[in-house]
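Protein chains in written order, with the working numbering: chain D, 88 to 200; chain C, 517 to 632.
Glycine included, C-beta positions come from ideal geometry on N, C-alpha and C.
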Amino acid sequence: DAEITQSPRHKITETGRQVTLACHQTWNHNNMFWYRQDLGHGLRLIHYSYGVQDTNKGEVSDGYSVSRSNTEDLPLTLESAASSQTSVYFCASSESGASYEQYFGPGTRLTVT
Amino acid sequence: QQQVKQSPQSLIVQKGGISIINCAYENTAFDYFPWYQQFPGKGPALLIAIRPDVSEKKEGRFTISFNKSAKQFSLHIMDSQPGDSATYFCAADRTLNAGNNRKLIWGLGTSLAVNP
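This is the structure we're talking about:
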């Protein structure tokens, strides 16, 4: 069965370190998204991609970067982790033209100390 | 700027009761209005979606009501069960350009607790 996976599921890191969260999908979807979820803020879009070599900034992109070298993967990098980036991160994917139906991964809980 | 406003923030319902969650939007260029359900420790999952040319859509105990003139839509959960306890998100889907690129605008979520 097709799926979307995230790793690691839990991560504790120190302020200032670079951190990369992995996202891998086997749906063969062109669209991929990264969100962060914080209490009171719902789901906030960090970065998104509509295909290989395409990346776009979302509403809370400062301090984060992504690259898309193939269809299956969209890693999220925190260049220099800050305590404000402590959150639960979700990756999602969708077919082109039907992005209202997004398939979410299980999430990564990141703690920055 | 929140383009989709969701209420209430939290909701407690007795088993067998009706849960109602409301959303209002500000942009008329939305094409789909999906609802997502998220259980603790899991990612959100699509529950039900409606197009703006339809006033109501029902799937089992879940119904979306859509009022285009008022720019409002709501989720009704009939005969609410403890297993429905979750966070519910409304969203609006719009096209960014002339192509197929689309993006979801999310409400802030409603935490539903159904008491046994």
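query                                                                                                                                                                           : result
For the region 123 to 135 of chain D, which residues have a beta carbon sitting closer than 9 Å to at least one beta carbon of chain C?                                         : Q124, G127, H128, G129, L130, R131, L132, Y135
Is D160(D) helix, strand or coil when you go by DSSP?                                                                                                                           : strand
What residue ranges within the region 583 to 613 of chain C form continuous beta strand (DSSP E) runs of no fewer than 3 residues, ordered along the chain?                     : 588 to 593, 602 to 611
For the region 97 to 116 of chain D and the region 173 to 182 of chain D, state whether three or more C-beta atom pairs, one from each stretch, are separated by less than 8 Å. : yes
Do we get a CB-CB distance below 9 Å when we pair D609(C) with the residues of chain D?                                                                                         : yes
Can you pull the DSSP bridge partners for Y548(C)?                                                                                                                              : D609(C)
Any beta carbon from chain C within less than 9 Å of N118(D)'s own beta carbon?                                                                                                 : yes
From what residue to what residue does the beta strand (DSSP E) around A561(C) run?                                                                                             : 561 to 566
What does the alpha-carbon distance come out to for the pair N538(C) and L591(C)?                                                                                               : 7 Å
Among the residues of its own chain, which have a CB less than 7 Å from the CB of S152(D), if the five just before and after it don't count?                                    : T164, E166
Kindly indicate which three-state DSSP category P172(D) falls into: helix, strand or coil?                                                                                      : Sequence inspection shows Gln at residue 172(D); the Pro mentioned does not correspond to that position. Helix at Q172(D).
What does the Cβ neighbour count give for R155(D), buried or exposed, with the cut at 16 atoms within 10 Å?                                                                     : buried
Out of curiosity, what's the CA-to-CA distance linking Q124(D) and N583(C)?                                                                                                     : 29 Å
Report the rounded CA-to-CA distance for L563(C) versus S596(C), giving the unit in angstroms.                                                                                  : 15 Å
Just checking, does the region 531 to 551 of chain C make contact with the region 617 to 631 of chain C on the three C-beta pairs under 8 Å criterion?                          : yes
State the Cα-Cα distance for the pair S581(C) and K573(C), rounded to the nearest angstrom.                                                                                     : 7 Å
With three or more C-beta pairs closer than 8 Å as the rule, is the region 183 to 194 of chain D touching the region 113 to 122 of chain D?                                     : yes
Alpha carbons only, please: which of G192(D), S170(D), Y187(D) is nearest the one belonging to T102(D)?                                                                         : S170(D)
Let me check one thing: in DSSP terms, what residues is N118(D) bridge-paired to?                                                                                               : S181(D)
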